[in-house]
Amino acid sequence: MKYTPSLGDILQARGVSRRGFLKYCAATTSLLALPPTMVPRIANALEQARRPSVIWLSFQECTGCTESLTRSSSPTLEGLIFDSISLDYHHTLQAASGEAAEAARHAAMEENMGNYLVLVDGSIPLGNPGFSTIAGISNYDMLMETVKGAAAVVAIGSCASFGGIPGADPNPTGAVSVKDLITDKPVINVPGCPPIPMVITAVLSQYLTFGQLPELDHLGRPVAFYGQTIHDRCYRRPFYEQGLFAETFDDEGARKGWCLFRLGCKGPITYNACATMKWNGGTSFPIEAGHPCLGCSEPGFWDKGGFYNPVSTTDIGSGVALAGAAAAGVAIGAAAAAMSRRRQKKTIQEG
Amino acid sequence: MSTSEFDLESKRLSIKEPEIRYDTQGDLSDEERVQKAMAHFAKNFGTTAAIYLDSCIHCGMCADACHYYVATGDPKYTPIWKLEPFKQAYKREVSPFAFLYRLFGLKKKVTAEQLQEWQHLLYDSCTVCGRCSLICPMGIDIASLVAMARHGMFKAGLVPHELHAVAERAEVDGSPLGVTPQLFEERLEWMEDEHEVDINIDKEQADVLAVMSSIEIQKYPAAMAATAKILNAMGESWTFRTDGFEATNFGMMSGNVEWQKNTSMRIINAAIKVGAKMVLLPECGHAYMALRWMGANIYGKPLPFKVLHVSEYLADALNSGKLKVRKVDKSVTFHDPCQISRRGGATRAPRDILKHLAVDFRELPGGGDYNWCCGGGGGVVTILRADELRYKVFKLKMEQVEATEAETLLSSCSNCRQNFDDCQEHYDWKYTMESLLDLVADNLEEDEA
Amino acid sequence: MDLLDFARGPAMQVAIYVFLTGSLWRLFGILLLQRKPDYSELRKTGKLRAALKVIWNRAFTAPEFRMATRYTRIVGYTLHFGLFVTVFLFVPHIVFFKGLIGIDWPGLPNNVIFFVGVITVGVGIAILIRRMTHPVLRLISNFDDYFSWFVTMLPVITGLIMPIRFGIRWETLLAIHILSVALLLIWLPFGKLAHVFLLIASRGTTGAIIERRGART
Amino acid sequence: MSSIDEITSPVPYVRGNVEPILHEVVHALDRLLKEQEPTIIDLASLPFAPGELETLESYLGSGELTAELEALGPSQIRETAYPGVWWLDHRNTDGEVVGRYLEITRIPEILMSQDADITAGRARLGENLEGFESGRSNGADA
C-alpha cells in the first residue's frame, strides 16, 4: 500500500494555521451533528486521518446526487474533505474516459484492496443486463466486481438505497438497491432525492475521522443524520401542536407559516436532517419554502399515495368495493334473517 | 344459592325450606321442557325483541331501578340478568350471528337447570312493572321481554304452582278466583240491594260494557255498585255481561298466550255482541295492559270500541262537567298502578280526579311514572314462596307512603290494593289502601239532589 | 411494503369492509325478522316523532335515577365525551375523515386532545375496575364486555403513546395506532360496540311503541 | 410590509426557540461563575423559524469586543452585550456560514494563540534571527 499523507499533513502543507484547523474541526463537529464538546477529539482524530481511496459507481440514476454534491460551492470545507479523499473513479467527474477510465478503476482496486470505499448512486436493474451498462459491463457485474475488495459500500441517494424512482411501481427494469445485492459488506445508505450534500460529505468525513462506519438505523442510514424525523426538528412543529394548519397553498395559514400536515407533509414519517442542516448552504428547506415534505429519503416514497395526501389518511379502496361490501352485508344479513326465520318455524313446530 | 339452614324455631325440627324452590307442571323430560321453552321463546324473537336483546351494553343501570335489587342488593335481581336464558336462546337461535355462535359453540344451548333456576327470577322477583325500562340508556323495554320469556317458561311447565293454578282456573272457570256467571250475577244483585243502585245485567244492547276484576267481585264488591252508580249518573246506556265480565288476565301474567287470548276474547266478543262503543275497565292494572294495549293485537285488527280505564272515564266526565263531585277535605296520596300509569300512559287521570275532589294531594316521592311498584303485580302476589321477598320489597313502598304523611292512601288497582292489605297485615301498618273509584262514587253531587 | 403501508392500506381497507359488511349484516339480520303490526288505538300517531323523541331523551337519565346511577353516568358521559373529542376533534383524525367522507370541521390543539385522552384512559380504567368489582356488573359481564373495552381503549392508548414515543419510531407507532383502529372497526359490528348504531334502533323502537301509547319513556 | 416578508417571518412564532436558549445561557453563566465551566451551544443543530436566529442575535446585541479571524475564510468572534456570552460565526471563503456557536466562556479557545502556531512562529522567528546572525557574521567576515 502506497503512503497516504494524514489530513494534518495536508493542511499543514497548505499552510493552514492551528486556528484554522480548530475552525475546521468545529465545523466538522457541527456537520457530524456531534456535541461541541467533541471538538478536541475530532481535532485529534482528524490530525491522524489518512486519505482513503474512493470509487464512485453510477447506475440507473439522474446524476442529481452528483449534482447535489458538486453544487456545493467550490473551495469549501466539503471541498477540503474531497481533497482529503482520493476519488479514483467517477465517470461523470473524472477526466479519463473509455478504457483508461476502467483501467483507473482496476488500478485503484488493486492498490487499495480491502481498504477502498465504493460509493454508488442509482439502482441496479436485474430485469435485463442491457437496461444499463457502462463500458459494455452490466451494472450488476460492475457492482459485484468492484465491491469485492471494498471496505464498505455507501449507497448515495434513494435509488441506490431503496430502488428509488426506477424501482417505483411497476418497476419495469427490475431495479433493486445496493443492499438488496450486497450482503457480505457493510452498506451505508445515504438516501434522499438527492441527499443533502453536507450529509454525503459528513458520512465520508466521519469515516475519515474515526476510520469506522457510523451507527446505522434499521434501514442502514447513519443515525446521526437520519435519527430524527423532519417533523421532530421542524420549526413549524409548534403550529402542529396548536392545531394550526395551512389548508391550501394560499390561505391565511400558509401565509402565516402554519404546519403543512394537512397539505400532505410527510415530515412525521421522514427521517432526515433537512430541518436543521437545510439546503443551499443552510439557506432553507422545502417546508421553509412553504411546501410539504415529500418524504424522499424513505423507502418507496414514490408509491405512498399522493404527495398531497396527509399522513393520517388511508386508502379506503374503490367505491365499487365499498358498495360491494355494503351489498354483501345486506345480503348476508337478509340470508341470516331468512335462516333464522326458518329455524324459528322449525323450533316452533317441534315445540 | 341453595344454602340450607336449620330451622330450629318451628315445632318440627328440620332444615329450612330452601329459598329457591322449583315448580314444574306436566310429565315432561328435561329435553322436552327445553324444546318447549325454545319454541315459545322463538315465537317472540321478532324484530322488536331482537333489537332490544342485541342492544344491551351490560351497563347494569337497570339494577338500580328494580325494587328487588334495591331492597336486597342481590345482583341476580338485575333486570337484564332475569332475561339471560331468553337472551342466550335469542343469540344462539335467531340473532344475525346465530350461525357463527352455533358453529363455534360461543353460546351454549339453554339447559333445563338454567330454566328452573330462572323461574325464581322471571316470576317470583319480577312484577313486570317496567321501572327498569325507564332507566335503560339504550331504551330497552325490559318488562316486555320478561313477559315474552314467560311464554316459554309456561309451555315448558316451569311456572310457580299457585300462579299456574290460578291461571288454569281462569281458563276453565272464566275467573281466577272462582267467580262463575251465576256467582257474579248473585253478587251484583246483592250490591244492587245493599247500595240501592240500578245495575244493568246482560242487556242486549248497550253503548258501554263494564267489566270487573274477580278480586273486586270477591273482595271489594262495592266497586260494582260504584261503577253502576257512576254510569247511571252519567246517563249511559250500559251493562254488565255474565258472558264477558272478567277483566283480569292470568293467561297473560303466567305466560300462556292461548289463555290470554281466550280471556280477552270473552270481553271483546261480549262487547261486539251488545254493540258497545266502549269497554270500561275496572280498577285493575294489568287488565289495562291486556285489553287497552294488547287487545287489538290479539283480536288481529283494531277493536271496534274504545277501551278506557275507569279513572280515565272519571277524569273525562269530571273535566267535561258531566259529573260533579263534592269537595273532600282530606290529605291524600296516590299509588300509581304500574300498568296504568307508567306502562299505560294514563298517569294524568287520577290527578285530574283528585283535583276535582279538591283534596290535599300529596304526590309520593318519585310519584307518577317513577313510582315504586307495590310488589304484588305480574302475578307475584299469588306466589306463596315469594312472600318473604314481597314483604321485604314492600318496605320501599311503605317508606314512600309514610314520607307524604297523608291521611288517606288511594289507588286505582284492586291487585295493588290486595297486596297492600296483605302487607298491611304482615307489618301491622297504619295505612289502609282505599279505592279512588269508591271515593268518587261516595261523593257524587247528584246524591244530595 | 412496510408496517405503516400495510396498516394504512390493506389493513384499513379490510377493516372498513368488515365494518360495513358486519354492520349491515347485523342490522338487516335483525330488521328482516318477523314484525307484527300494532293495532292498538295509540294516543300519538307520529311514529318518527315519537322515535326521535326517545332517541334524544334517553341520552339523559331521568331525575329519579340520577342519584343511584351517578357513578355510571359520570364515567359513562366522560368516556363518551373523551372518545368524541379525541376521535373527532384531533386534526390528523379530521384529515382522516375528510379523506374518507370528504367533510371537514375545525379541530382542537394537540395538548387539549392529549389531556382529554389521558382523562379518557383514566376513566376507562375506572370503568374496567368497576366492572370487575361491582357485583351486578361482574355477574352480567361476559367476554364481549371485556374485549370491547380492550379494543376501545387500545386506540386511545396507542394514540397517547405517539407524542411520548418511548423510543419507538413514530411511523411504527402510527402503524400500531391504525392497526388498533382497524381492530376496533372489525370488532365493532359483532359485539356490544354496535350500540353506536343499535341505540338508534332500540330507543327508536321504544319510541314507536311505548311513547305512542302516551306512556312514560 | 411586502407579502414576501409576511411569508418568511410569521409573527406569532418569532420567539419560539429564543426564550429556551436564553434560559440555557443564564444557566451556563451560573456554571461559568461557580464551577469555571464553559459551555458551547451549536446553533446550527437547532431548528429555527425564519427570523428567529436574527431575533436571538439582535437580542443578545454587541458588547465591547469584536474580533475578526482570517483562517480558511473569515470568522467573527463577538462578545455580546452580556459579558461572557460570545457569538461565533465561522464562514468559508465564499462567505457561507459553516459553523455558528454561542460560547459562554471568559475567552473563546479560538482567540487564544495555539501552541502549535506559537511553536511554528517561534521557529520562524528563530530562523529569522539566525538569518540576522549569519548575515552579521557574513558581514563581519567580509
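Chains as they are written, first to last, in my numbering: chain A, -10 to 340; chain B, 3 to 451; chain C, -9 to 207; chain D, 5 to 146.
Every residue, glycine too, gets a C-beta built ideally from N, C-alpha and C.
Counted within 10 angstroms of its Cβ, other Cβ atoms place residue i as buried (16 or more) or exposed
i         : result
Tyr61(C)  : exposed
Lys2(B)   : In the structure as shown, chain B begins at 3 and stops at 451. Residue 2(B) is therefore absent and cannot be evaluated.
Thr241(B) : buried
His70(C)  : exposed
Asp200(B) : exposed
Lys357(B) : exposed
Gln49(A)  : buried
Leu117(B) : buried
Gln37(A)  : exposed
Ala298(B) : buried
8 Å Cβ shell around residue i - same chain, five flanking residues per side excluded
i         : result
Ala71(D)  : Gln80, Ile81, Arg82 and Leu115
Leu50(D)  : Asn21 and Ile25
Leu123(B) : Lys78, Tyr79, Trp83 and Lys84
Simplified DSSP state of residue i, which is helix, strand or coil
i         : result
Met102(A) : coil
Ala208(B) : coil
Asp98(D)  : coil
Leu108(A) : strand
Ser413(B) : strand
Met57(C)  : coil
Lys45(B)  : coil
Thr80(B)  : coil
Phe422(B) : helix
His124(C) : coil
Gln80(D)  : strand
His80(A)  : coil
Asp46(D)  : strand
Thr5(B)   : The pLDDT assigned to Thr5(B) is 42, lower than 50, so where the model puts this residue is not dependable, and the model offers no usable value.
Pro257(A) : helix
Thr148(C) : helix
Phe156(C) : coil
Arg104(D) : strand
Residue i CB to nearest heavy atom of the ligand MN below 7 Å
i         : result
Cys248(A) : The ligand content of the structure shown is nil, which means the ligand MN is not present either.
Nonlocal neighbours in the same chain, by C-beta distance under 7 Å from residue i, ignoring five residues either side
i          : result
His69(B)   : Trp374, Cys375, Gly377, Val395 and Leu398
Val108(C)  : Leu150
Thr406(B)  : Thr335, Arg364 and Leu366
Gly447(B)  : The sequence as given places Glu at residue 447(B); Gly does not occur at that position. Hits under 7 Å: Lys326, Val327 and Arg328.
Arg(-2)(C) : Ile168
Ser86(A)   : none
Leu293(B)  : Ser266, Ile269, Val281, Leu283 and Val309
Cutoff 6 Å; reference residue i; Cβ partners in own chain excluding five residues on either side
i         : result
Leu79(C)  : Gly97 and Leu98
Phe307(B) : Ala273, Ala278, Lys279, Met280 and Val281
Tyr103(B) : Lys93, Arg94 and Lys109
His42(B)  : His153, Gly154 and Lys157
Any chain G beta carbon closer than 8 Å to residue i
i        : result
Val96(B) : Among the protein chains of the structure shown, namely A, B, C and D, there is no chain G.
Entirely enclosed beta strand (DSSP E) segments - the stretch 143 to 205 of chain B, minimum 3 residues: none
Chain-ordered residues of the stretch 212 to 241 of chain A with a beta carbon less than 9 Å from chain C: Residues of the stretch 212 to 241 of chain A with a C-beta atom less than 9 Å from some C-beta of chain C are Thr218, His220, Asp221, Tyr229, Glu230, Gln231, Gly232, Leu233, Phe234 and Glu236, listed in chain order.
Interface residues of the stretch 289 to 315 of chain A facing chain C [CB-CB below 9 Å]: Gly289, Asp292, Lys293, Gly294, Asn298, Pro299, Val300, Ser301, Thr302, Thr303, Asp304, Ile305, Gly306, Ala310, Leu311, Gly313, Ala314 and Ala315
Against chain A: residues of the stretch 72 to 92 of chain C by CB proximity under 8 Å: Val81, Pro82, His83, Val85, Phe86, Lys88, Gly89 and Leu90
Continuous beta strand (DSSP E) assignments of at least 3 residues falling wholly in the stretch 161 to 237 of chain A: 176 to 179
Contact residues within the stretch 149 to 163 of chain C, judged by C-beta distance below 7 Å to chain A: Trp160 and Glu161
Length-filtered (4 minimum) alpha helix (DSSP H) runs lying within the stretch -2 to 54 of chain A: 7 to 20 and 28 to 37
In chain order, each alpha helix (DSSP H) run of at least 4 residues that lies wholly inside the stretch 379 to 413 of chain B: 389 to 406
Ranges of the beta strand (DSSP E) found wholly within the stretch 267 to 348 of chain B, counting only runs of at least 3: 280 to 283, 308 to 311 and 333 to 337
Residues in the stretch 51 to 67 of chain B having any Cβ partner in chain C nearer than 8 Å: Ala52, Ile53, Tyr54, Asp56, Ser57, Cys58, Ile59, His60, Cys61, Gly62, Met63, Ala65, Asp66 and Ala67
Chain A contacts made by the stretch 92 to 116 of chain C, where a contact means CB separation under 7 Å: Within the stretch 92 to 116 of chain C, the qualifying residues are Gly97, Leu98, Pro99, Asn100 and Asn101.
Complete alpha helix (DSSP H) runs within the stretch 46 to 131 of chain B (minimum length 4 residues, chain order): Listed in chain order, the complete alpha helix (DSSP H) runs (minimum 4 residues) inside the stretch 46 to 131 of chain B are 49 to 57, 69 to 74, 86 to 95, 100 to 105 and 114 to 121.
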